[in-house]
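What follows is a set of notes on a single structure, which appears directly below.
Numbering (the numbering used here), first residue to last: 2 to 51.
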């Protein structure tokens, strides 16, 4: 069992699709935030770099 406390979640708007999402960090307005789906898509797209 874990003694960790649940993370505090923060509301954010996805920079790609515009949907509301919850993230485990306080969003920085100067940096993009992505929902789980968009983050996964971006990660897969970037995994083919040489």
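Heads up, the beta-carbon is just placed ideally off N, CA and C, and yes, glycines get one too.
| message | Extract the residue ranges of the beta strand (DSSP E) inside the region 21 to 49, only unbroken runs of 3 or more that lie entirely within it. | response | List check, beta strand (DSSP E) in window: 21 to 24.
| task | Report all residues from its chain with a CB closer than 7 angstroms to the CB of residue 28; omit the five preceding and five following residues, and keep chain order. | result | 11, 13, 34.
| Rounded C-alpha distance that separates residue 8 from residue 22 | Each residue's Cα considered, the two are about 15 angstroms apart.
| Can you give the Cα-Cα distance for residue 5 and residue 48, rounded to whole angstroms? | Going by the C-alpha atoms only, they are around 32 angstroms apart.
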